[in-house]
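> Before anything else, here's the structure in question.
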Amino acid sequence: MEARNNPTHHRAGTQQRATVVGAGIAGLAAALRLHQQGWDVVMIERAPARRSSGYLLNLHGPGYAAAERLGLLPALTPRDIGFFTSVLVHADGREKFRIPAAVAESAVGNRALSLFRGDLESALYDAVADLADIRFGTTVQTIDQTAEEVVVTLSDGTRLHSDLLVGADGVHSRVRELVFGAESEHFVDLGHMVGAFPLATVPEHVPEGAGTTFIGPGRTAAVMNFGPERSSAFFTYRCPDPTAELALGAAPALDRAFGDLGGGVADALRQLAADPATAYFDSVGQIVTDRWSQGRVVLLGDAAWCVTVFAGYGAALALDGADRLGTALAAHGDDIPTALATWETALRPEAHKRQALARKGIGRFAPSTRTQVWAGELMLRAIQLPGLRGLARRSIQRANN
Ligand SMILES: Cc1cc2nc3c(=O)[nH]c(=O)nc-3n(C[C@H](O)[C@H](O)[C@H](O)COP(=O)(O)OP(=O)(O)OC[C@H]3O[C@@H](n4cnc5c(N)ncnc54)[C@H](O)[C@@H]3O)c2cc1C
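This is the structure we're talking about:
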């Protein structure tokens, strides 16, 4: 079956065509940006339908600015959870100390959003749905390119001809595998697992409008209570054998790693056991490649540079990268390889910096020893002192610039 975009070559003045693989944050943002500048966009998404996942994302700095440039703020602002109080707890759930919302606010500033990933994805999807041809339940089987076009064969047999192929299909990207080589050549395992999921009911033992966090050697568990349909849980832990952990599955694996904890964690694990399909559960690994593009094929988002959950910045970089990709393509017209190379040169230092910050940040999520746990707590207590708040703010601002 031949697709609606015929295999005619792009000529000056004709509409440019892009195929975007992956309708996640990077792919939808790219589709929106390309459509805004006149491209005809087809999206290929493996999932059979839209899903929404319930982990929390923070957008500030360049991520917030990119959301603004993409015109997303009117849809996102009403979904903002805002700053919230963090309660550090003992293993049995008893409170150790709390960090009031105002401390985080004074450190991060007011150009910031806390959102459920599903809310960000929905805002992007709503902006794109009527503009792009989105094909769910489909994936890519082959990719061939010439100097003039890129041809993709889909799992349903369709062949799509386009000027540009964007591989925005996440950390385990099929586009990357087909064009840039096997995942094992690019995936750098950071030796940890992450699990995150929405809670069907408000968690027990967690004050409303707050999150409880347990940080122990090699692991962190956080449970957030923002009311019905807005509550969620997050877990990360050191793990020498991610393959075995993935084979075990989210609910048994998280139960084995965190089943000894009380408070909100026990309730969150019970909720997960009742509905294990809701969990995001994966090993934590960065993607490191020499190049993000080859000819007319470009990787975007986690597919290209996954910075991991430890950076707290992957969605921000996906939005910023998509927006800047649009700018580079607009500046170079028909010369797509040059546009992609220019874009990559400008963006690479940022991705590199975020990957380095993530590797440094592992100790905050999964401190190796009790001494490191204690030192981390000391720092969290210290940033509440008025004199040190300014220091925290300046260090966050430095990371964002
Ligand atoms: C627990 C957790 C907390 C996080 N917190 C933050 C935060 O605070 N701030 C922040 O900025 N970032 C955060 N991140 C990172 C952020 O979520 C990711 O970097 C971001 O979602 C990456 O977007 P993406 O579109 O590149 O990839 P994905 O979101 O993985 O989307 C990829 C899409 O491609 C589809 N797909 C996959 N394979 C195929 C295929 N073969 N064919 C077709 N489609 C396919 C998938 O179904 C999916 O829709 C967090 C991540 C986690 C796990």
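Following this note's numbering, the numbering of the sequence shown begins with 10 at its first residue and continues without gaps. Built from N, CA and C at the ideal position, the CB exists for glycine as well.
(1) Alpha carbons only, please: which of L81, A360, E77 and S164 is nearest the one belonging to T147?
(2) Assuming M202 contacts L65 (C-beta within less than 8 Å), just tell me the rounded distance between them.
(3) What does the alpha-carbon distance come out to for the pair D344 and T155?
(4) I'd like the list of long-range same chain contacts for A231, defined as Cβ closer than 6 Å, with 5 residues on each side in sequence excluded.
(5) Inspect the beta-carbon positions of H195 and T298 and report whether they are closer than 7 Å.
(6) Near A100, what residues of its chain come up, given a Cβ to Cβ distance below 8 Å and the 5 sequence neighbours on each side ignored?
(7) Can you give me the Cβ contacts of A262 inside the same chain, cut-off strictly under 6 Å, excluding the 5 residues immediately before and after it?
(8) Please classify T245: is it buried, with 16 or more other beta-carbons within 10 angstroms of its beta-carbon, or exposed?
(9) Could you please give the first and the last residue of the uninterrupted alpha helix (DSSP H) stretch that includes Y64?
(10) Going by the CB atoms, is the gap between A75 and V50 shorter than 7 Å?
(11) For the stretch 75-89 and the stretch 367-381, state whether three or more C-beta atom pairs, one from each stretch, are separated by less than 8 Å.
(12) With a threshold of 16 other CB atoms inside 10 Å of the CB of A35, please say whether the residue is buried or exposed.
(13) Between E130, A32, F189 and V137, which lies nearest to V307 when the distance is taken from Cα to Cα?
(14) Should V159 and R305 be called a contact, given that it needs their Cβ atoms to be closer than 7 Å?
(15) In terms of residues, what are the limits of the beta strand (DSSP E) holding P57?
(16) Identify which residue in A331, A350, G91 and P83 has its Cα closest to the Cα of S115.
(17) Whose CA, out of A320, P285 and L281, lies closest to the CA of Q295?
(18) Between the C-alpha atoms of D128 and L85, what's the straight-line distance to the nearest angstrom?
(19) What are the uninterrupted segments assigned as beta strand (DSSP E) that are 3 or more residues long and contained completely in the stretch 309-379, given in chain order?
(20) What do you reckon, are the CB atoms on V137 and L37 nearer than 7 Å?
(21) Span of the beta strand (DSSP E) holding D264?
(22) Could you tell me which uninterrupted alpha helix (DSSP H) segments, each at least 4 residues in length, are contained entirely in the stretch 127-189, listed from first to last along the chain?
(23) Give me, in chain order, the residues of the same chain whose beta-carbon lies closer than 7 Å to that of V316; leave out the 5 immediate sequence neighbours on both sides.
(24) Buried or exposed: which applies to T229, given that a residue is buried once 16 or more other Cβ atoms fall within 10 Å of its Cβ?
(25) Please find out if some non-hydrogen atom of ligand 1 comes closer than 6 Å to the beta-carbon of G33.
(26) Whole angstroms are fine: how far does the CA of A32 sit from the CA of Y134?
(27) Who are the Cβ neighbours of P16 in its own chain at under 6 Å, not counting the five residues just before and after it?
(28) Would the beta-carbon of F145 fall within 7 Å of that of P57?
(29) If you draw a straight line from the alpha carbon of G166 to that of G47, how long is it in whole angstroms?
(30) So who's on the other strand from R107, going by DSSP bridges?
(31) Check whether the Cβ of V117 lies closer than 7 Å to any Cβ atom in chain C.
According to the structure shown:
(1) As a working mapping, residue 147 is identified with position 138 in the sequence shown. Among L81, A360, E77 and S164, the Cα nearest to that of T147 belongs to S164.
(2) For the purposes of this step, residue 202 is taken as the residue at position 193 of the sequence shown. For the purposes of this step, residue 65 is taken as the residue at position 56 of the sequence shown. Not quite, the Cβ-Cβ distance comes to about 18 Å (not below 8 Å), so this is no contact.
(3) Start at 1 with the first residue of the sequence shown, and residue 344 comes out as number 335. Start at 1 with the first residue of the sequence shown, and residue 155 comes out as number 146. Cα to Cα, D344 sits roughly 14 Å from T155.
(4) Locating residue 231 in the sequence shown gives position 222, counting from the first residue. Closer than 6 Å at the Cβ level, and outside the excluded window around A231, lie G220, T222 and F243.
(5) If you number the sequence shown from 1, residue 195 lands on position 186. If you number the sequence shown from 1, residue 298 lands on position 289. Yes, Cβ-Cβ distance for H195 and T298 is below 7 Å.
(6) Here residue 100 refers to the residue found at position 91 of the sequence shown. F223, G225, D269, L270 and G271.
(7) Walking along the sequence shown from the start, residue 262 turns up at place 253. Excluding residues within five positions, the ones whose Cβ falls inside 6 Å are E254.
(8) Position 236 of the sequence shown, counted from the start, is the residue given in the question as residue 245. It counts as buried.
(9) Taking the first residue of the sequence shown as position 1, residue 64 is located at position 55. Unbroken run through Y64: none, as it is neither H nor E.
(10) Position 41 of the sequence shown, counting from 1, holds the residue named residue 50. Position 66 of the sequence shown, counting from 1, holds the residue named residue 75. Contact: no.
(11) no
(12) Position 26 of the sequence shown, counting from 1, holds the residue named residue 35. Buried is the call here.
(13) In the sequence shown, the residue the question calls residue 307 occupies position 298. Minimum Cα distance to V307 is reached at F189.
(14) Numbered from its first residue, the sequence shown carries residue 159 at position 150. Numbered from its first residue, the sequence shown carries residue 305 at position 296. In contact: V159 and R305 (Cβ atoms closer than 7 Å).
(15) As a working note, residue 57 is residue 48 in the sequence shown. P57 -> no beta strand (DSSP E), and no H or E assigned at all.
(16) The residue given as residue 115 occupies position 106 in the sequence shown. Selected option, being the one with the closest Cα: G91.
(17) Residue numbering aside, residue 295 sits at position 286 when the sequence shown is read from its first letter. Minimum Cα distance to Q295 is reached at A320.
(18) Translated into the one-based positions of the sequence shown, residue 128 becomes position 119. Translated into the one-based positions of the sequence shown, residue 85 becomes position 76. Each residue's Cα considered, the two are about 7 Å apart.
(19) none
(20) What you label residue 137 is simply residue 128 of the sequence shown in a count that begins at 1. What you label residue 37 is simply residue 28 of the sequence shown in a count that begins at 1. Yes.
(21) Along the sequence shown, one-based indexing puts residue 264 at 255. Looking at the DSSP string, D264 is not in any beta strand (DSSP E); the run it does join, the alpha helix (DSSP H), is A259 to F267.
(22) 183-189
(23) Taking the first residue of the sequence shown as position 1, residue 316 is located at position 307. So the qualifying residues of the chain are Q295, Y322, G323, L326, A360, R363, Q364 and A367.
(24) Within the sequence shown, residue 229 is the residue found at index 220, counting from 1. Buried, since its Cβ has 16 or more Cβ neighbours within 10 Å.
(25) By 1-based counting over the sequence shown, the position of residue 33 is 24. Checking the Cβ of G33 against ligand 1 gives yes.
(26) Translated into the one-based positions of the sequence shown, residue 134 becomes position 125. Translated into the one-based positions of the sequence shown, residue 32 becomes position 23. If I take the Cα positions, the gap works out to 8 Å.
(27) Numbered from its first residue, the sequence shown carries residue 16 at position 7. Bear in mind that a pLDDT of 33 at P16, under 50, signals an unreliable position, so the number given afterwards is only what the model happens to contain. If we look at P16 and ignore the five residues flanking it on each side, its Cβ neighbours are H170.
(28) Counted from its first residue, the sequence shown places residue 145 at position 136. Counted from its first residue, the sequence shown places residue 57 at position 48. Yes, Cβ-Cβ distance for F145 and P57 is below 7 Å.
(29) Start at 1 with the first residue of the sequence shown, and residue 166 comes out as number 157. Start at 1 with the first residue of the sequence shown, and residue 47 comes out as number 38. Between G166 and G47, the C-alpha separation is close to 27 Å.
(30) The residue you call residue 107 lines up with position 98 of the sequence shown. Answer is V96, bridged to R107.
(31) Absence of chain C from the displayed structure is noted, only one protein chain being present.
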